[in-house]
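Participant: Here it is, the structure in full.
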Amino acid sequence: MLILAALLAYPMQQVGPTFVPSGHLLDPVGKLVQIPARPVDLAVSADGRYVLVKENHGVTVLKTSDWTVASEKQFTSGASMFGLLCTPSGEVFYSDARSTVQHGRLGDNGTIAWEPPIDIPKPSVGGDSYPCGMAALPDGKLAVCASRNNELVLMDKGVGTRIPVDPCPFDVVIAPDGKTAWVTCWGRKPRRHSAMSSKTPVDVDDRGVATGGMIDVVDLSSNKVVASIQAGLQPSQILIDGGFAYVANANSDTLGIYDIAKRRRLTDVVVKPDPKLPFGSAPNALAISSATKEMYVACGGNNAIAVMTLGPAPTIKGFLPTNWYPGALAVAGGKLYVGSIKGIGSRSGMPDKHSVYDFSGTVAQVDLPTADTLPAMTARVNQLAQAPQILQNMMRSGVISAAPEPVPTLLGGPSPIEHVVYVIKENRTYDQVLGDIGKGESDPKLTIYGADTTPNEHALAKEFALLDNFYCNGVNSADGHSWAMEADASSYLERSFGGFTRSYPFGGDDALNSVSSGFIWDAVLAAGRSFRNYGEGDYAGLESNMSWKQVYDANQAGQSLHFKQSIANEHLRRYSCRDYPGWNLGITDQLRANVFLKELKEFEKKDNMPNLSIVYLDQDHTAGLTPGMPTPKAMVADNDFALGRIVEAISHSKFWAKTAIFVVEDDAQDGFDHVDGHRSTCFVISPYVRRGTVVSNFYNQIGVIHTMLQILGVPPMNQMDAMAPLMRDCFTATADLTPYTVKPNQIQLDLLNTPKKASAVVRQWMAKSGKLDLTKPDASDENLLNRMQWVSVKGSMPYPSRYSKTKFKKSRDGDD
1153 MLILAALLAY PMQQVGPTFV PSGHLLDPVG KLVQIPARPV DLAVSADGRY
1203 VLVKENHGVT VLKTSDWTVA SEKQFTSGAS MFGLLCTPSG EVFYSDARST
1253 VQHGRLGDNG TIAWEPPIDI PKPSVGGDSY PCGMAALPDG KLAVCASRNN
1303 ELVLMDKGVG TRIPVDPCPF DVVIAPDGKT AWVTCWGRKP RRHSAMSSKT
1353 PVDVDDRGVA TGGMIDVVDL SSNKVVASIQ AGLQPSQILI DGGFAYVANA
1403 NSDTLGIYDI AKRRRLTDVV VKPDPKLPFG SAPNALAISS ATKEMYVACG
1453 GNNAIAVMTL GPAPTIKGFL PTNWYPGALA VAGGKLYVGS IKGIGSRSGM
1503 PDKHSVYDFS GTVAQVDLPT ADTLPAMTAR VNQLAQAPQI LQNMMRSGVI
1553 SAAPEPVPTL LGGPSPIEHV VYVIKENRTY DQVLGDIGKG ESDPKLTIYG
1603 ADTTPNEHAL AKEFALLDNF YCNGVNSADG HSWAMEADAS SYLERSFGGF
1653 TRSYPFGGDD ALNSVSSGFI WDAVLAAGRS FRNYGEGDYA GLESNMSWKQ
1703 VYDANQAGQS LHFKQSIANE HLRRYSCRDY PGWNLGITDQ LRANVFLKEL
1753 KEFEKKDNMP NLSIVYLDQD HTAGLTPGMP TPKAMVADND FALGRIVEAI
1803 SHSKFWAKTA IFVVEDDAQD GFDHVDGHRS TCFVISPYVR RGTVVSNFYN
1853 QIGVIHTMLQ ILGVPPMNQM DAMAPLMRDC FTATADLTPY TVKPNQIQLD
1903 LLNTPKKASA VVRQWMAKSG KLDLTKPDAS DENLLNRMQW VSVKGSMPYP
1953 SRYSKTKFKK SRDGDD
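Just so you know, we're using my numbering here: the sequence shown kicks off at 1153 and counts up by one.
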């Protein structure tokens, strides 16, 4: 359910470049309107007076004359990834996140008179259809891409004709003769390997990444697919002009060109500021100007618009700089309209925006570029894209004789570190944990899991290095784990925040979501290094019905417990510890630590510790005030003590002199921070760390990945981690082999939420605990969970609501 106050959109002036947590500098052209939402599609009214913006809440209408807001509308059902249509007669169609298309009529004043929605047939696998792209047919029918149905649905006066197409149809366009519909489908039917995407099997490669999309041509007289044409990865928006169809392949960094008459693929054109760049430009949206005979391609990963020629072999003429992740385009009246999905991030330019859910999307009105204006804009994009730096970072130096460095200056240089342990935890901000540490950029007023709850995290920050300028790239566990494991988030994720009805990807369990550059373990294994996984990507189940306390007591007594492992990514599953449980809030982190420490002893016996180990510890997520579960402080303390035990064991092992440990949260959505909602904790632990220092350099999750790969001599995976700064300032060339001693917990780890012992205010919030879905990451309303954690620790102390953001409760009907 969407529970939001009325939207407030307003003009803005972006003075100078804006820096965002991805590490990008933004310096957009055009006249900007900022909206507290994520725009994913645009449409211009037939008279050119209005631009309609589809965003994650509903539709915002902007006046083109003075570039101000005319009207706005929210829907309780949220928004799908794509799908907004405004016909010449003024009819408006909007694909929501359930199984309906919202239908209305645009009035003279820019308001939309909404009529009863159009119901789209639901899929046979259950859940909602999740409609996306739409097109109006000459006979008055509406063609709708029913994403989860794997169908093109032709709606006619409330009746839907269902036409099966390839998996996950995204967009549809009608051929000029009106006889066929061209449908972009993100997946294709299994051929050699298969994996699931929202209960549909799709073809994948050995890494579990989708192998390609399809373009299905539907004959509108027989209502059958008459041609299926291989496309690139994530074929997204499709437009037709002059006998050719153009398709933005978001996961291939290409523009596909198709011959309409011959129904065949002609070529794919690479769309990047520099064609030599690795994956990461993410072309995902298109617009065509009939006046200039040019096409505009939104490159989400480069924060830029490519200006291209038309025809069977388009060429790039130049680029325009935009805000963060352009994903919606339209052209009318000599203007280009650009919707940047992430805009300027969750803080910049907006007062008291300190939650990752304080979206600040932007829509720009830009004069169409000319031969005089385009060169300067292109030069600016090339500068912001950092292509020379990225290309240099991707190259092996060949320098073998250089002295070893903890983080080699050049890729391929020697490092004394041979083993990297990468610990992933759940959802905390910096201030929430380290605000009371007494140094660095810290605010104790926002701390609820301070030194009494997290003595090991405080000790690690003091004994090794305190990083007070570290940021998570994503928003929640879906894109958080993608950034933490893939160093990128796909267009699938960037568009999904209107409601994760199709799926809520977590650890590679939706094959269509994964970026084409793959996962960190793919890169490490491909380079000949060894890898072991402890819990990442796993939904663990207990083989017996036990409470958290029963599991805890059994573990303390040394009893063996068995789990049902559920890792969707087959490649990851092969390298995973069978006895280590992943996500399950009913399992203490002490058990997880025990399993890891047992294997560490075996590694010592055999002298074969993996080059990369990923360790997942989930208990700091907490279960709020759910009766029978540990209190929030107890769960965070459990997590902290497990981390301390793991670090202590490694530091006393034979591998310590050759090891670095990196500890991050998957996201920072569950808490508050006075600097930025994305700011989080990061711990870097090694004999080579500059001990007792405060490191205030900007770092982020993809910088951690870049640093770990650099240590192991593995090239970056894509543009994002290749661009991220190496964390060299955290390290020194002189090793200090002093081991770490775990700090005992000060909070009773099995202290449970007990209504009888709770205060009146705590009991009131306990009564709401039934609304918390703890079966999967982020299934609960994070605002409700945040409030429970606050009142559990702070009691009646006023809640810092100015730092928080209410968000919708996600639907999960499409989950596998």
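No residue lacks a Cβ here, since even glycine has one placed at the ideal position from N, Cα and C.
Examine the Cβ distances between the region 1386 to 1401 and the region 1426 to 1433 and report whether three or more of them are shorter than 8 angstroms.
Facilitator: Segments in contact, no.
Participant: When the Cα of Ala-1912 is compared with those of Asp-1822, Pro-1188, Thr-1774 and Ser-1948, which residue comes out closest?
Facilitator: Cα-wise, what sits closest to Ala-1912 is Ser-1948.
Participant: Out of Ser-1299, Thr-1263 and Trp-1266, which has the shortest C-alpha to C-alpha gap to Ile-1272?
Facilitator: For Ile-1272, the nearest C-alpha among the options comes from Ser-1299.
Participant: Taking DSSP as the reference, what is the three-state secondary structure of Trp-1266?
Facilitator: Three-state DSSP puts Trp-1266 in a strand.
Participant: How about Phe-2012 and Asn-1763: are their beta carbons less than 8 angstroms apart?
Facilitator: Look at the range of the chain in this structure, 1153 to 1968, and you will see that residue 2012 is not part of it.
Participant: Starting from the Cα of Lys-1183, find the closest Cα among Arg-1257, Ala-1876 and Val-1515 and give me that residue.
Facilitator: Considering only alpha carbons, the answer is Val-1515.
Participant: Among residues of its own chain, excluding the 5 on either side of Gly-1602, which ones have a beta-carbon nearer than 6 angstroms to its beta-carbon?
Facilitator: Asp-1588, listed in sequence order.
Participant: Gly-1452 to Glu-1800, Cα distance in whole Å?
Facilitator: Gly-1452 and Glu-1800: Cα-Cα distance of roughly 42 angstroms.
Participant: If you check the beta carbons only, do Pro-1149 and Leu-1520 fall under 8 angstroms apart?
Facilitator: With the chain covering only 1153 through 1968, there is no way to say anything about residue 1149.
Participant: Closest to Asp-1323 by CA distance: which of Ser-1655, Asn-1401, Gly-1565 and His-1255 is it?
Facilitator: Measuring from the Cα of Asp-1323, the nearest candidate turns out to be Asn-1401.
Participant: Just to confirm, is the Cβ distance from Ser-1594 to Asp-1631 under 8 angstroms?
Facilitator: No; because the gap between Cβ atoms is not below 8 angstroms, this pair is not in contact.
Participant: Just to confirm, are Asn-1302 and Pro-1283 a CB contact at a threshold of 8 angstroms?
Facilitator: Cβ distance not < 8 angstroms, so Asn-1302 and Pro-1283 don't count as in contact.
Participant: Under the DSSP definition of a beta bridge, which residues are partnered with Gln-1970?
Facilitator: Because residue 1970 is not part of the residues shown, which for the chain are 1153 to 1968, the question remains open.
Participant: Verify whether the separation of the beta carbon atoms of Thr-1811 and Ile-1798 is less than 8 angstroms.
Facilitator: No, the Cβ-Cβ distance between Thr-1811 and Ile-1798 is not below 8 angstroms.
Participant: Any chance the region 1825 to 1841 sits against the region 1530 to 1545, with 3 or more Cβ pairs inside 8 angstroms?
Facilitator: Flag = no, the region 1825 to 1841 and the region 1530 to 1545 do not touch.
Participant: In or out: Ser-1350 buried (at least 16 other Cβ within 10 Å) or exposed?
Facilitator: Buried is the call here.
Participant: Which of helix, strand or coil does DSSP assign to Cys-1729?
Facilitator: Of the three classes helix, strand and coil, the one that applies to Cys-1729 here is coil, per DSSP.
Participant: What does the alpha-carbon distance come out to for the pair Gly-1463 and Asn-1208?
Facilitator: Roughly 34 angstroms separates the two Cα atoms.
Participant: Counting only runs that start and end within the region 1490 to 1552, where is the alpha helix (DSSP H) found for 4 or more residues in a row?
Facilitator: Segments of the alpha helix (DSSP H) lying fully in the region 1490 to 1552: 1526 to 1537 and 1539 to 1546.
Participant: So Val-1192 and Ala-1480 are in contact, right, with Cβ under 8 angstroms, and what is the actual spacing, rounded?
Facilitator: Yes, Val-1192 and Ala-1480 are in contact; Cβ-Cβ is about 6 angstroms, under 8 angstroms.
Participant: Can you tell me which of the three DSSP states Gly-1117 falls into?
Facilitator: As shown, the chain starts at 1153 and ends at 1968. That puts residue 1117 outside it, with no answer to give.
Participant: For a test of the three-state rule: what should DSSP assign to Arg-1939, helix, strand or coil?
Facilitator: Note: Arg-1939 maps to helix in three-state DSSP.
Participant: Excluding the 5 residues preceding and the 5 following Val-1827 in the sequence, name in chain order all residues of the same chain whose CB lies nearer than 7 angstroms to its CB.
Facilitator: Taken in chain order, the residues that qualify are Glu-1593.
Participant: Cα separation between Ala-1885 and Lys-1806?
Facilitator: Those two C-alpha atoms are separated by around 20 angstroms.
Participant: Are the Cβ atoms of Val-1361 and Ser-1346 separated by less than 8 angstroms?
Facilitator: No, the Cβ-Cβ distance between Val-1361 and Ser-1346 is not below 8 angstroms.
Participant: Take Gln-1898 and list the residues in its own chain whose beta-carbon comes closer than 8 angstroms to its own, dropping the five residues that flank it on each side.
Facilitator: So the qualifying residues of the chain are Asp-1604, Thr-1605, Pro-1607 and Ala-1789.
Participant: Quick one: complete alpha helix (DSSP H) runs, 4+ long, within the region 1660 to 1693?
Facilitator: Runs found: 1672 to 1678.
Participant: Please tell me whether Val-1335 and Val-1317 are closer than 8 angstroms, where the distance is taken between their beta carbons.
Facilitator: It is a contact, given that the beta carbons lie within the stated cut-off.
Participant: Excluding the 5 residues flanking Ile-1315 on each side, which residues of the same chain have their C-beta closer than 8 angstroms to its C-beta?
Facilitator: Glu-1303, Leu-1304, Val-1305, Leu-1306, Val-1370, Asn-1375, Lys-1376 and Val-1377, listed in sequence order.
Participant: Between the Cα of His-1773 and those of Ala-1383, Met-1860 and Asn-1791, spot the shortest distance and give me the residue it belongs to.
Facilitator: Of the listed residues, the one whose Cα sits closest to His-1773 is Asn-1791.
Participant: Could you have a look at Thr-1220 and say whether DSSP puts it in helix, strand or coil?
Facilitator: It is a strand residue.
Participant: Under a three-way DSSP split, which group does Tyr-1704 fall into?
Facilitator: Correct three-state label for Tyr-1704: helix.
Participant: Going by DSSP, what residue range makes up the beta strand (DSSP E) through Phe-1234?
Facilitator: It spans 1231 to 1238 - the beta strand (DSSP E) in which Phe-1234 sits, taken as one unbroken run.
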